[in-house]
Structures are given as C-alpha cells and as structure tokens.
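K.L.:
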Amino acid sequence: MTALDIWRRSSYSGGGSGNACVEIATRSDHIAIRDSKTPAGAILTFPTGAFSTFITALKPADPYSTVTDFARFRG
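Mind the numbering: the sequence shown is residues 2 to 76 in my numbering, read in order.
1) Exposed or buried, what is residue 57 when buried is set at 16 or more other beta-carbons lying within 10 Å of its beta-carbon?
2) Return the chain-ordered list of same chain residues with a C-beta closer than 6 Å to the C-beta of residue 22, the five sequence neighbours on each side being excluded.
3) Exposed or buried, residue 28, counting other C-beta atoms within 10 Å across all chains shown (16 or more means buried)?
4) Need the endpoints of the beta strand (DSSP E) that residue 43 sits in, please.
5) Under three-state DSSP, which class holds residue 32?
Written out as structure tokens, the structure reads:
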C-alpha cells in the first residue's frame with residue numbers, strides 16, 4: 002500500500018478522537034488493514050477473496066461467548 006491509498010475507518014470506532022479502531026484500504030486485487038493508532042506501522046494485506054473468510058473467522062459462533070459480551074447482554 003502506498004501513501005496514495007484511501008484509508009477508511011471502521012464504523013465501530015466509537016466516540017472521542019476515533020483513533021482506537023481499524024482502518025481499511027481496498028483495491029481491485031487486495032484489501033489492507035491497519036491500526037489507526039499506528040498508521041505507519043504494520044499492514045495486514047489479503048487477496049480480495051480471502052478477506053471475507055478472515056472476517057467470518059473473527060466472528061464468534063456464539064455471539065455471547067465471552068464474559069464481557071455476556072455482561073453487556075445482561076445490562
């Protein structure tokens with residue numbers, strides 16, 4: 002990825018300065034991800050077809066599988 006790439010922030014970045022999130026840049030042949038706190042740091046790059054597989058693997062099978070998520074669910 003180059004400085005000319007257009008990076009977009011996650012819609013889940015929350016309030017405040019919005020720097021605690023993930024940014025993505027897309028091209029026809031690959032998708033790149035970086036940490037917004039360290040934009041000059043490492044970039045994770047995927048072939049376009051593999052990105053959806055990666056995202057699916059990040060989602061828990063049970064949406065309330067962690068203690069934090071369960072506590073949030075209980076209110």
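Don't be surprised by glycine CBs; every beta carbon is placed ideally from N, CA and C.
P.N.:
This is what the structure gives:
1) Per the 10 Å Cβ criterion, exposed.
2) Same-chain partners within the cutoff: 10, 11, 14, 37.
3) Result: exposed.
4) In the DSSP assignment, residue 43 falls outside any beta strand (DSSP E), carrying neither H nor E.
5) Of the three classes helix, strand and coil, the one that applies to residue 32 here is strand, per DSSP.
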